[in-house]
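Participant: Going line by line, the protein sequences match chains A and B. Every position in the first sequence, counted from 1, becomes a number in this note's numbering once 282 is added. Every position in the second sequence, counted from 1, becomes a number in this note's numbering once 282 is added. Every residue gets a Cβ at the ideal spot worked out from N, C-alpha and C, and that includes glycine. Predicted model only: the values in this text are computed from it and were never measured. The following block contains the structure, expressed as structure tokens.
2 protein chains.
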Amino acid sequence: MAKPSDNLVDAIYSDLRLKLQRSMITPSDRLVDTDIAAANGSSRMPAREALLRLVSEGYLVGTTRGFAIRELSLEDISGLFEVRRQLEPRAAASAARDMTPAVEAELAAAMDRVEQALGENDIPALLAANVDFRNAWLKAVRNPHMAATISRFMDYFQSVRLGTFADGATAERYIDGLSRIHRAFLAHDPLMVQDRMTLFMFAAEEAYLDVRQRQLREAEMSRTARRRYTKRGTA
Amino acid sequence: MAKPSDNLVDAIYSDLRLKLQRSMITPSDRLVDTDIAAANGSSRMPAREALLRLVSEGYLVGTTRGFAIRELSLEDISGLFEVRRQLEPRAAASAARDMTPAVEAELAAAMDRVEQALGENDIPALLAANVDFRNAWLKAVRNPHMAATISRFMDYFQSVRLGTFADGATAERYIDGLSRIHRAFLAHDPLMVQDRMTLFMFAAEEAYLDVRQRQLREAEMSRTARRRYTKRGTA
DNA sequence: CCTGGTTAATCGGTATACTGTTTATTCGAA
DNA sequence: TTCGAATAAACAGTATACCGATTAACCAGG
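Here's what the structure looks like:
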């Protein structure tokens, strides 16, 4: 996933991509090419090309005032999950079939970290461990086109995932589903993995829709509140 | 699909994408940013950004001497078809369910053009009509993420498709499969569409693998032949 | 205070110029 | 004639500079 390699565009792209995965960029942030260029000690063009690539891949949107992370509508979430439902259960099943001991160990380690982070209520660690878990089983997917497509569709949800984990009860249900999938992997049972992943997909969709709906309501409220505020008192 | 809009990068990107779809770019062509810039009356940067976008989407590869269309390995073909098998039958079924009369008419018109082109042995027209047919049913796919993903995976095959259509017998079988799908659409039977699309996927994969295998063999032969030639006589 | 219009800042898009690396070519020596 | 080294050309990557559009800040008049 990370390829700093020798070229500035790729380096900046990977860096931004990682920050997106780790939810280190919030929807209110504005990414400006000159800032990113300065932060990386390069000129505007590499930063700009990295940003444009993220836009064309659907992670960012260009506004008239800097680039911002793309906010998912409820329809987006449903649509993205429709694709994920078609791909991930089957891919996970093939991963269960073709998994090496190394991958199995990585999966277990990631699951441990997930549960530890859950216990300590450490949201950033939870996000990171969650990404590790999925990357671990994706490694066992032999088809690189399949793996890349799935990885991409998962990454659209990082911003929403943050909200999911913030709520304790939802997080626990989410992690429980993950754990069930993990146990199916341990049993080396592709069909069980497939079924549990299917269930997980539906549960995750529902959770994300709930979270997003709440986010949208809150955004709406704070917007009207701010309007009222600016109308009354000015600094 | 085509959005010339107001910005040069998008305009050049759409133009190149269209040329790729129509197989107007061969694997031996070298796309150089300065040439493309000159052809569009712009500077290098927009052309370059369009090219880089096509690279990041997997349609082109950057070589040390210009950009070239990405050649698919046999593993690529199998892998890409594994994804297509998961997505297209189900998406086509939903298209059959949600299809409007307008889409139905468009589908019929495209099918007519396909058969006419087949009769006249007009390969470029066949390619174009084939693209029209798939775009027509994709219009009825309500989920834009699904449609975009499918569209993208289909476009990887344009270079190989040319080879498929060049062989009369293969082309006829391909078109027959398309026609059967079309009749299922006409019957408004989502399940029939799904099943026939599934069959079509397997047949198409086999055809593409055959064509590509032949291409690779021929390339190998001509390469050794050229080597021998340059060794003997120099101009 | 509120409103409307004018100015200033911000930022994306495009152009041009420069650099380093890779490949092709040419020319000379074996 | 062949091989290899020097040289030239091609091309991607990067930097800098300019322009135009959009938006925010500011100010004057109600």
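(1) Looking at D292 of chain B and the ligand NAP, is the gap between the Cβ and the nearest heavy atom below 7 Å?
(2) Whose CA, out of A:A387, A:Y295, A:D449, lies closest to the CA of I405 of chain A?
(3) What residues in its chain sit with their C-beta under 6 Å from that of D414 of chain B, if we drop five residues either side in the sequence?
(4) Can you tell me whether F349 of chain B is buried or exposed? The criterion is at least 16 other CB atoms within 10 Å of its CB, across all chains shown.
(5) So, using beta-carbon positions, are F447 of chain A and V365 of chain A closer together than 8 Å?
(6) Measure from the alpha carbon of Y456 of chain B to the alpha carbon of each residue in B:R443, B:L468, B:A466, then state which is nearest.
(7) If you check the beta carbons only, do D302 of chain B and S324 of chain B fall under 8 Å apart?
(8) Cβ of P309 of chain B less than 8 Å from any chain A Cβ?
(9) Taking the runs of the alpha helix (DSSP H) that are 4 residues or longer, which of them lie wholly in the segment 323-363 of chain B?
(10) In whole angstroms, what is the alpha-carbon distance linking R478 of chain A and A466 of chain A?
(11) Would R395 of chain B and A384 of chain B be called neighbours here (beta carbons separated by less than 8 Å)?
(12) Report the residue from B:A501, B:R499, B:Q440, B:E500 whose alpha carbon sits nearest the alpha carbon of I359 of chain B.
(13) Starting from the C-beta of M483 of chain B, find all residues in its chain whose C-beta is less than 8 Å away, skip the five residues before and the five after it, and write them out in chain order.
(14) To the nearest angstrom, how far is it from the Cα of Y518 of chain A to the Cα of S355 of chain B?
(15) Let's see if you can read the secondary structure: which residues bound the alpha helix (DSSP H) around S458 of chain A?
(16) Since A375 of chain A and L473 of chain A are thought to touch, with beta carbons under 8 Å apart, how far apart are those beta carbons, to the nearest angstrom?
(17) So, is the C-beta of N289 of chain B closer than 8 Å to a C-beta in chain A?
(18) Report the residue from A:A329, A:E353, A:E339, A:R494 whose alpha carbon sits nearest the alpha carbon of V314 of chain A.
(19) Shortest alpha-carbon distance to G361 of chain B belongs to which of A:L468, A:A373, A:E357, A:R326?
(20) Hey, Q338 of chain B and R335 of chain A: beta-carbon distance below 8 Å or not?
(21) Between Y341 of chain B and A501 of chain A, what straight-line distance do the alpha-carbon atoms span, to the nearest angstrom?
(22) Indicate whether S305 of chain B and L409 of chain B have their beta-carbon atoms separated by less than 8 Å.
(23) Sort out for me which residues DSSP pairs L369 of chain A with in a bridge.
(24) Who are the neighbours of G361 of chain B on chain A, taking C-beta pairs under 7 Å?
(25) Could you tell me if G459 of chain A is buried or exposed, where buried requires 16 or more neighbouring beta carbons within 10 angstroms of its beta carbon?
(26) Within the 8 Å Cβ cut-off, does L491 of chain B reach chain A?
(27) What residues are listed by DSSP as bridge partners for L313 of chain B?
(28) Please classify A390 of chain B: does DSSP put it in a helix, a strand, or coil?
(29) Going by beta carbon distance, what residues of the same chain come within less than 7 Å of V423 of chain A, once the five residues before and after it are set aside?
(30) Are the CB atoms of L389 of chain A and H464 of chain A nearer to each other than 8 Å?
(31) What number of angstroms, rounded off, separates the C-alpha of D437 of chain A from the C-alpha of R416 of chain A?
(32) Taking only beta-carbon positions, decide if R335 of chain B is within less than 8 Å of chain A.
(33) Is it buried or exposed, R494 of chain B, if we count other Cβ atoms within 10 angstroms and call 16 or more buried?
(34) Taking 8 Å as the cut-off, decide whether the C-beta atoms of L400 of chain B and A321 of chain B are in contact.
(35) Using a cut-off of 7 Å between C-beta atoms, extract the partners of V475 of chain B located in chain A.
(36) If we ignore side chains and look at the alpha-carbon of each, how far apart do T346 of chain B and I318 of chain B end up?
Facilitator: Taking the structure as given:
(1) The ligand NAP is not part of the structure shown, which contains no ligands of any sort.
(2) Sequence index remark: in the first sequence, residue 405 of chain A carries index 123 (1-based). For the residues A:A387, A:Y295, A:D449, the minimum Cα distance to I405 of chain A belongs to A:D449.
(3) Here residue 414 of chain B is taken as the residue at index 132 of the second sequence, counted from 1. Cβ within range, chain order: A392.
(4) As a first step, residue 349 of chain B must be located in the second sequence, where it is residue number 67. Answer is buried; the Cβ neighbour count reaches 16.
(5) Sequence index remark: in the first sequence, residue 447 of chain A carries index 165 (1-based). Sequence index remark: in the first sequence, residue 365 of chain A carries index 83 (1-based). No, the pair does not count as a contact, with Cβ atoms beyond the cut-off.
(6) Indexing the second sequence from 1 puts residue 456 of chain B at position 174. Nearest of B:R443, B:L468, B:A466 to Y456 of chain B, Cα basis: B:R443.
(7) In the second sequence, counting from the first residue as 1, residue 302 of chain B sits at position 20. In the second sequence, counting from the first residue as 1, residue 324 of chain B sits at position 42. Residue identity differs from the one stated: residue 302 of chain B is Leu in this sequence, not Asp. The answer is no: Cβ separation not under 8 Å.
(8) Working through the second sequence from its first residue, we reach residue 309 of chain B at position 27. Taking Cβ atoms only, chain A never reaches closer than 8 Å to P309 of chain B, which makes this a no.
(9) 326-338
(10) By one-based count along the first sequence, residue 478 of chain A stands at place 196. By one-based count along the first sequence, residue 466 of chain A stands at place 184. When rounded, the distance between both Cα atoms is 8 Å.
(11) Numbered from its first residue, the second sequence carries residue 395 of chain B at position 113. Numbered from its first residue, the second sequence carries residue 384 of chain B at position 102. No, they are not a contact pair.
(12) Here residue 359 of chain B is taken as the residue at index 77 of the second sequence, counted from 1. For the residues B:A501, B:R499, B:Q440, B:E500, the minimum Cα distance to I359 of chain B belongs to B:Q440.
(13) On the second sequence, residue 483 of chain B is found 201 positions in, with the first residue counted as 1. Result list for M483 of chain B: F363, R366, R367, E370, P371, in chain order.
(14) Given a span of 283 to 517 for chain A in the structure shown, any question on residue 518 of chain A remains unanswerable.
(15) The count along the first sequence starts at 1 and reaches residue 458 of chain A at position 176. Just to set this straight, residue 458 of chain A is Asp in the shown sequence, not Ser. First-last of the alpha helix (DSSP H) with D458 of chain A: 450-468.
(16) For the purposes of this step, residue 375 of chain A is identified with residue 93 of the first sequence, where counting begins at 1. For the purposes of this step, residue 473 of chain A is identified with residue 191 of the first sequence, where counting begins at 1. Rounded, the Cβ-Cβ distance is 7 Å, consistent with contact.
(17) As a first step, residue 289 of chain B must be located in the second sequence, where it is residue number 7. Chain A contact via Cβ: absent.
(18) As a first step, residue 314 of chain A is located in the first sequence; it is residue number 32 there, counting from the start. Nearest C-alpha to V314 of chain A: A:A329.
(19) Position 79 of the second sequence holds residue 361 of chain B. Comparing Cα positions, the closest option is A:A373.
(20) Residue numbering aside, residue 338 of chain B sits at position 56 when the second sequence is read from its first letter. Residue numbering aside, residue 335 of chain A sits at position 53 when the first sequence is read from its first letter. Reading off the sequence, residue 338 of chain B comes out as Ser, not Gln. Yes, they are a contact pair.
(21) Taking the second sequence and counting its residues from 1, the one referred to as residue 341 of chain B is at position 59. Taking the first sequence and counting its residues from 1, the one referred to as residue 501 of chain A is at position 219. Their backbone Cα atoms lie some 39 Å apart in a straight line.
(22) Stepping through the second sequence from its first residue, residue 305 of chain B is reached at position 23. Stepping through the second sequence from its first residue, residue 409 of chain B is reached at position 127. Yes, Cβ-Cβ distance for S305 of chain B and L409 of chain B is below 8 Å.
(23) Here residue 369 of chain A refers to the residue found at position 87 when the first sequence is read from its first residue. Note: L369 of chain A sits in no beta bridge, so no partner.
(24) Looking up residue 361 of chain B in the second sequence gives position 79. Result: N425, P426, H427, M428.
(25) Residue mapping note: residue 459 of chain A aligns to position 177 of the first sequence, counting from 1. Per the 10 Å Cβ criterion, buried.
(26) Residue 491 of chain B sits at position 209 when you count from the first residue of the second sequence. Closer than 8 Å: no.
(27) As a working mapping, residue 313 of chain B is identified with position 31 in the second sequence. Beta-bridge pairing links L313 of chain B to B:F349.
(28) As a working mapping, residue 390 of chain B is identified with position 108 in the second sequence. Here A390 of chain B sits in helix by DSSP.
(29) Residue numbering aside, residue 423 of chain A sits at position 141 when the first sequence is read from its first letter. Closer than 7 Å at Cβ, skipping near neighbours: A373, S376, A377, A429.
(30) Position 107 of the first sequence, counted from the start, is the residue given in the question as residue 389 of chain A. Position 182 of the first sequence, counted from the start, is the residue given in the question as residue 464 of chain A. Result yes, Cβ atoms of L389 of chain A and H464 of chain A sit closer than 8 Å.
(31) Here residue 437 of chain A refers to the residue found at position 155 when the first sequence is read from its first residue. Here residue 416 of chain A refers to the residue found at position 134 when the first sequence is read from its first residue. Near 11 Å, if we compare the C-alpha coordinates of R416 of chain A and D437 of chain A.
(32) By one-based count along the second sequence, residue 335 of chain B stands at place 53. Yes, contact with chain A.
(33) Start at 1 with the first residue of the second sequence, and residue 494 of chain B comes out as number 212. So R494 of chain B counts as buried.
(34) Here residue 400 of chain B is taken as the residue at index 118 of the second sequence, counted from 1. Here residue 321 of chain B is taken as the residue at index 39 of the second sequence, counted from 1. Against a cut-off of 8 Å, the Cβ pair of A321 of chain B and L400 of chain B comes out as no contact.
(35) For this step, residue 475 of chain B is matched to residue 193 along the second sequence. In chain order: nothing, as chain A lies at least about 16 Å away.
(36) Your numbering for residue 346 of chain B matches position 64 in the second sequence. Your numbering for residue 318 of chain B matches position 36 in the second sequence. Taking the straight line joining both Cα atoms gives about 17 Å.
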